[in-house]
Amino acid sequence: MKTDVSKAGHDCRPLKRKSEVLACPVPPRASGKGLPYAPVDWPNVGDIWGWRVGSRVSVEGFYSHHFLYAPQHLQDKPTRKLLFQSKTSVLHYLKSQFPEADSEAFFASFTWHVPAEAHSSKLSKCSPSPQSSSSKKEAGKLVKGVEVSNKKQEAAVHCGKEVMVDVPAVEEQTLASGPTTKISGRSRVSESRASVSPHDSACHYAIDLKQQGLKSLDESQPGLIPEDYDHFLNSLDEILSVPITRAEISNPAASSHKEGMTQIRSKLSSLLAMGFASLADSNKLTELIALASQLKNGPTVSPREISMLKLIEEIPMASNSFLDAKKLSGQAEKFFADLDSKMANVASLRNEYIVTKQQLEICQADEASALSAQMEIDEQIAALQSRRADITQDLKLTNKKIVQYSSSQKKVMECLQKIVHDVRAANSEKQEWELRKKRSAEQEAEILAKFAPLDGFSF
């Protein structure tokens, strides 16, 4: 049963835009008129082409068969629609009927590849939700001089084993003073920490981030040794050899502040040693920005270090672009790899087609020979059946004669037996009859002799 897309539901997600009309996925054997899957106003204004798709879907998620119907005034026969089953047939028609027409502009005016409904539903699950993206626009507030989001909620897109999170803001708890800083970045969290939002689709999640301090998650847990403790042990001899100044003795707070700055420098250096690519794809950006902000407010920061810290503050924003570019590069590599694979597969498919064609020709020749032999056998069977019918008719006549002759033979046999019996009975009376014959002859002669004088006598 055909389905008109113009009457379909409005809940389909657009895949791409063509000629200012959204191209939506359609069900199998769907049909319609005009954009986005058929041209309009071609060759004349007001001409609307029709389209129809089959049921086979390619690996890319598009229908393998896209049919076009010409406008009404281009139809040669009113009872039969002018149907084009491929791009090649359309090109041949355009070259024959409209030799001066621009075929590229014709195909560029509409979308030839029609997305399938089932395949596009899988793609739509990975598309960002409008509700999840709107959560990024919540108003922020100031906590101890640092701007944070109201609900600390980030939209996540779950399309695999990981959840990509766009972090709009980070809450800083330990900064008593300093410039207001809005930190944005992208981090990865495990799938088990993501909770499904009731307002999002099957692949859209909302993640509530816990309050984060300047220290990492490992350091905030009790009983864990700081990461830079090994560095402190390795530098223990050097530290012991340096005496404490009177200023440090009289001002222990300044000494502890200096040690804190040393730890911050060490942590910041260890994070930078990971490299930009690893940092952009990790969950250490929050800690990195917090450490950079602390170190930037320190009294012993050189101008070059300040420029480097400013550059560090640009990492979260640049990481988004970097990850997007990296993702796009991966998609491009996959695209070209698939293209090379398909091009390499063309030769094998061509050889397979040639072999199949040869086998088909052989089978067709064998079929023709078998049909010819079958016809000859049928003719022979028909001739034999005709001869059999004649023989059957002759056999019936012969059977009738056999019955007739058998009956005659039986009658003759019965008559012969009677005659033989009569002859034998007559033989037994033969002498008696001979004697009677002799006596009757003598009597006849005597009578004739007696009346002989009367012969020729006249009165």
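For the sequence shown, UniProt numbering assigns the number 459 to the last residue and increments by one with no breaks.
Where a beta carbon is used, it is the ideal one built from N, C-alpha and C, also for glycine.
Given 6 Å as the limit, tell me if residue i has its C-beta closer than that to any heavy atom belonging to the ligand GDP.
i: I377; result: With respect to the ligand GDP, the structure offers nothing, as it holds no ligand at all.
State the start and end residues of the unbroken beta strand (DSSP E) segment that holds residue i.
i: H66; result: H66 to Y69
i: Q30; result: First, the residue type needs correcting, since residue 30 is Ala and not Gln in the sequence shown. Taken as a continuous stretch (DSSP letters only), the beta strand (DSSP E) holding A30 covers A30 to K33.
i: W51; result: G50 to V53
Look up residue i in the DSSP assignment and say whether it is helix, strand or coil.
i: Y63; result: strand
i: K95; result: helix
i: V420; result: helix
i: A347; result: helix
i: Q131; result: Interpretation of Q131 is limited by its pLDDT of 38, a score under 50 that renders its predicted location unreliable; the figure taken from the coordinates is listed afterwards. Correct three-state label for Q131: helix.
i: V90; result: helix
i: A116; result: strand
i: V165; result: With a pLDDT of 31 at V165, under the threshold of 50, the modelled position of that residue is not reliable, and no figure is offered here.
i: F84; result: strand
i: V40; result: strand
i: K411; result: helix
i: A23; result: strand
i: V57; result: strand
i: E147; result: Residue placement at E147 cannot be trusted, given a pLDDT of 34 that sits under 50; the coordinates are not used to answer.
i: S458; result: coil
i: S177; result: Low per-residue confidence applies at S177: pLDDT is 33, beneath 50, and the placement is therefore not dependable, though the value from the model is reported in the following sentence. Coil at S177, not helix or strand.
Whose CA, out of the options, lies closest to the CA of residue i?
i: K284; options: L272, Q294, L295 and Q374; result: L272
i: S86; options: A101, H113 and G61; result: H113
i: I264; options: L291, L74, G32 and V423; result: L291
i: P115; options: G34, T300 and S64; result: S64
i: S31; options: F451, V59 and V53; result: V53
i: residue 466; options: L83, F98, D102 and P39; result: As shown, the chain starts at 1 and ends at 459. That puts residue 466 outside it, with no answer to give.
i: P71; options: Y93, W42 and A325; result: W42
i: Y37; options: E434, L323, F276 and F62; result: F62
i: Q75; options: D47, V59, K438 and E432; result: D47
i: G34; options: G456, A101 and F106; result: F106
i: T262; options: A277, E287, T300 and S282; result: T300
i: A325; options: A277, S266 and N427; result: A277
i: E287; options: G298, N297 and S270; result: S270
i: S266; options: A280, I419, L295 and S282; result: L295
Would you mind reading off the limits of the alpha helix (DSSP H) that contains residue i?
i: M308; result: P303 to E313
i: S103; result: S103 to A108
i: K430; result: K430 to K450
i: T286; result: L285 to K296
i: A277; result: F276 to A280
Taking 8 Å as the cut-off, does the region 316-327 touch the region 357-368 (at least 3 CB pairs, one atom from each stretch)? no
The region 288-306 contacting the region 331-342, beta-carbon criterion three pairs below 8 Å: no
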